[in-house]
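Residue numbers (our numbering), protein chains in the order written: chain A, -15 to 108; chain B, 49 to 407; chain C, 14 to 151.
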Amino acid sequence: MAESDRQLLEVRPEALLEKVTELKTRGYRLVQICSTTLKDCYEMTYSFSIEYDLLNLRFTVKAGEKVPSISHIYPSAYFYENEIHDLFGVPIEFMTVDYKGRLYRTAVKAPYKLKQEEEGGGPK
Amino acid sequence: MSTRSVVPFGPHHPVLPEPIHLDLVLEDEKVVDVIPSIGFIHRGLEKLVEKRDFRDFVYVAERMCGICSFMHGMSYCEAVEHIMGVELPPRAKYLRTIWCELSRLHSHLLWLGLLADAFGFESLFMQCWRLREKILDMFEASTGGRLIFSVNKIGGQRRDMDNAMLHGFVEKLGGLEEDLKGITSTFLANSAVNSRLKGVGYMTKKMAQEYGVAGPFMRASGIARDTRKLGYDAYGDLNFEPITSTEGDCYARTQVRVRELFQSIDLIRQAVAKIPEGPVAVPIRGFPKGEYMVRVEQPRGEAIYYVKANGTKFLDRFRVRTPTFANVPAMIELMKGCRLSEIPMLILTIDPCVSCIER
Amino acid sequence: MSLFTFAKTEFHNLFSRPVTEQYPQKPKQFKERTRGHIENNIDLCILCGMCARKCPSNAITVNRAERTWEIRPFSCVQCGSCVENCPKKCLSMCQSYTRPGPEQTARLLRKPQPAAKPQPAAKPKFSAAPAPVGKSAS
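Dropping the structure here:
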């Protein structure tokens, strides 16, 4: 995604809250939180924007690894995080509003999660 | 000490265009909390991308939603074209712009009709949808379908609109513009309608920035941002400015959407005057590898499409962040503290497209 | 703010014909490009199965062994992908929509076996040489 109006930064999961607070003070707005199921981990992408510029933060988490919520910094983030929790099964902790898995009505819990978790082979 | 009661709203309700469930926690007549529950239209379309050839997935992407259908298919194609490094011919870009603006017209007219129905003005609802039929006839004449067009493909468009058809459309839009002036004066000037819209659902500019909302919902609170200014497709060649209002209530949002109707007709006239001759598609070879994010201005606001490809014919990920998804947290916040009778108006004011939230 | 903004439209509607079409008494006028349903010219079809592979909703089934081509019109989304990808151009998109019915019927087309070609007359294995003139059985 190499264009002048967008950039992609790799961050460590531990440094996520610090970076997000920095972006909030600089006036960025939250655009989306996306999760992609790769072979053995989830790739999280957080997109922020100021005016028409786009900035993406990216890190990967293994199955079962907890992710801190950014809803204390950006109030609307809880909706995206609840969706990721409901569809992918990624445990996100300390959300301001936590629907405990009842936001999405699906017949199967976490339909998009990793295959190894389904077969019970993933770490708990 | 007043007691709290929970009133379920939806999934079936006369004002809702699509099913969504809200649990309204009431204290007497006032709403104190709203708990949403979605999933009635969840079809797992984002997971389906792993099972359909990326060239055939266009047909799935455009069926995510009936109202925003064209732009879903178009943006998916744009993301894949960008990853593959395909340069579209200029005529294809102009055709996409014209169809986008026609989509915006039909979507806003649909919303105006639903709004009129929500406050009980059924004749006005029918008039709006009668005018919308003229646009749907244009769609059927040019693409073959009234709502789902199937004209996008990776590399361009499957159909062309020749100059005779385009000039015919511009003429019809001229007549439509006259009818629209009559209908929209009822929305903006009629005192009975105004009493239902003014002062309802006020959102400050600070709250709009805080909650990251999109579209006319945001522009009615004074933020002048329109993703079309990025210049994708032919928008870079067209002359327009984002339409804003500073009042931030339901009336301001109606005003913004009405003005966008006339702006869309003007943009179509500009595009038809400037459209160049040439082919409408280029052949594509190989498979995409890489990732890209496309941002477009849907009728409801800014939509982000993220495509990740791994070099095979199945894509890794296709993620859509639709404007209604971004507007829902702010809508829930607006509902807290309002009366029960204002709930339908507040839901409609964000122009909800629930198929887009759930995909 | 005024009270009579809608009065002009109301008055006009009171004295003009209704806009609603009397369908189905008056048949629907389709546009030239309307995507209604798929037809297959089975005589030209080579049963390659390309249409079945390309269909996004798996509405077409091709069985080469039994020489049949089947479409389920209630699964078809009228995208036109099969028409575009058919190598023999035997598929076409027609204008009228599938008629509603009490159950989801499928349309099966059977490709007739090619007529057997007439076999040429069998030649004898050894052609008997004509008896030489002059030689006679004694």
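Glycine is no exception: its CB is placed at the ideal position from the N, C-alpha and C atoms.
Leaving out five residues before and five after residue 44 (chain A) in sequence, what residues of the same chain have Cβ atoms less than 6 Å from its Cβ?
-> 25 and 27
How many angstroms separate the CA atom of residue 352 (chain B) from the CA atom of residue 122 (chain B)?
-> 12 Å
Residues within the stretch 88 to 100 of chain C neighbouring chain B, beta-carbon criterion of under 8 Å = 90, 91, 92, 93, 94 and 97
Using 8 Å as the Cβ pair cut-off and three pairs as the minimum, do the stretch 62 to 78 of chain B and the stretch 55 to 72 of chain A touch?
-> no
Cα-Cα separation between residue 192 (chain B) and residue 394 (chain B), rounded to whole angstroms = Their Cα atoms are separated by approximately 35 Å.
Could you give the distance in angstroms between the alpha-carbon of residue 50 (chain B) and the alpha-carbon of residue 255 (chain B)?
-> Straight across, the Cα-Cα distance linking residue 50 (chain B) with residue 255 (chain B) is about 29 Å.
For the beta strand (DSSP E) that contains residue 17 (chain A), what are its first and last residues?
-> 13 to 21
Members of the stretch 88 to 108 of chain B that neighbour chain A once the beta carbon cut-off is set at 8 Å | 88, 90, 92, 94 and 95
Secondary structure of residue 311 (chain B), DSSP reduced to three states = helix
What is the rounded straight-line gap between the Cα of residue 43 (chain C) and the Cα of residue 188 (chain B)?
-> 9 Å
Pick out the complete alpha helix (DSSP H) segments inside the stretch 75 to 112 of chain C, 4 residues or longer, and give them in chain order.
-> 94 to 98
Alpha carbon to alpha carbon, how far is residue 326 (chain B) from residue 50 (chain A)? Give it in angstroms, no decimals.
-> 54 Å
For residue 55 (chain C) and residue 95 (chain C), believed in contact at Cβ under 8 Å, the rounded distance = With a Cβ gap of about 14 Å, residue 95 (chain C) and residue 55 (chain C) do not count as contacting.
Contact set for residue 104 (chain A): own chain, Cβ-Cβ below 6 Å, skip 5 residues either direction | Residue placement at residue 104 (chain A) is flagged as unreliable, the pLDDT there being 48, under the threshold of 50; the coordinate-derived value follows with that caveat. Nothing meets the Cβ criterion.
Answer yes or no: does any C-beta atom of chain A fall closer than 8 Å to that of residue 378 (chain B)?
-> yes
What residue ranges within the stretch 252 to 338 of chain B form continuous alpha helix (DSSP H) runs of no fewer than 4 residues, ordered along the chain?
-> Taking only runs of at least 4 residues, the alpha helix (DSSP H) segments lying wholly in the stretch 252 to 338 of chain B are 253 to 258, 264 to 267 and 298 to 322.
Pull up the distance between the alpha-carbon of residue 11 (chain A) and that of residue 370 (chain B), whole angstroms please.
-> 22 Å
Among A:4, A:80, A:53 and A:82, the one whose alpha carbon lies nearest that of residue 32 (chain A) = A:4
Within 10 angstroms of the Cβ of residue 91 (chain A), are there 16 or more other Cβ atoms? Answer buried if so, exposed if not.
-> exposed
Contacting positions in the stretch 18 to 31 of chain A - beta carbon closer than 9 Å to chain B = 18, 19, 20, 21, 22, 27, 29 and 31
Limits of the beta strand (DSSP E) - the one that residue -9 (chain A) falls within | Element bounds for residue -9 (chain A): -10 to -6.
Nearest to residue 349 (chain B) by alpha carbon, out of B:362, B:277 and B:365?
-> B:277
When B:226, B:401 and B:321 are compared against residue 213 (chain B), the one with the closest alpha-carbon = For the set B:226, B:401 and B:321, the Cα lying nearest the Cα of residue 213 (chain B) is the one of B:321.
From the DSSP output, in three-state form, read off residue 60 (chain A) for me.
-> Residue 60 (chain A) falls in the coil class under three-state DSSP.
Quick one: residues in its chain with C-beta nearer than 8 Å to the C-beta of residue 59 (chain B), no 5 flanking neighbours on either side, listed in chain order?
-> 67, 68, 69 and 88
Looking only at its own chain, which residues have a Cβ that is under 7 Å from the Cβ of residue 108 (chain C), when we skip the five neighbours before and after it?
-> 43, 47 and 49
Is residue -15 (chain A) close to chain B, meaning its C-beta is less than 8 Å from at least one C-beta of that chain?
-> In this prediction, residue -15 (chain A) has a pLDDT of 42, which is less than 50 and means its spatial position is unreliable; what the coordinates show is noted afterwards. Yes, because at least one Cβ of chain B sits closer than 8 Å to the Cβ of residue -15 (chain A).
For the alpha helix (DSSP H) containing residue 71 (chain C), list its first residue and its last residue.
-> First-last for residue 71 (chain C): undefined, no H or E at that position.
Residue burial classification, residue 31 (chain B) (beta-carbon count within 10 angstroms, cutoff 16) | This structure leaves residue 31 (chain B) out entirely; chain B is present only between 49 and 407.
Residue nearest to residue -2 (chain A) in terms of C-alpha spacing, selected from A:97, A:86 and A:41 | A:41
Three-state secondary structure (DSSP) at residue 341 (chain B)?
-> Taken through DSSP and simplified to helix, strand or coil, residue 341 (chain B) comes out as strand.
Residues that DSSP places opposite residue 43 (chain A) in a beta bridge = A:28
Quick one: grab the DSSP three-state call for residue 351 (chain B).
-> strand
Tell me residue 190 (chain B)'s beta-bridge partners as DSSP assigns them.
-> Residue pairing of residue 190 (chain B) in beta bridges, as defined by DSSP: absent, with no partner found.
In this structure, does DSSP put residue 205 (chain B) in helix, strand or coil?
-> Here residue 205 (chain B) sits in strand by DSSP.
DSSP state of residue 387 (chain B) mapped onto helix, strand, coil = strand
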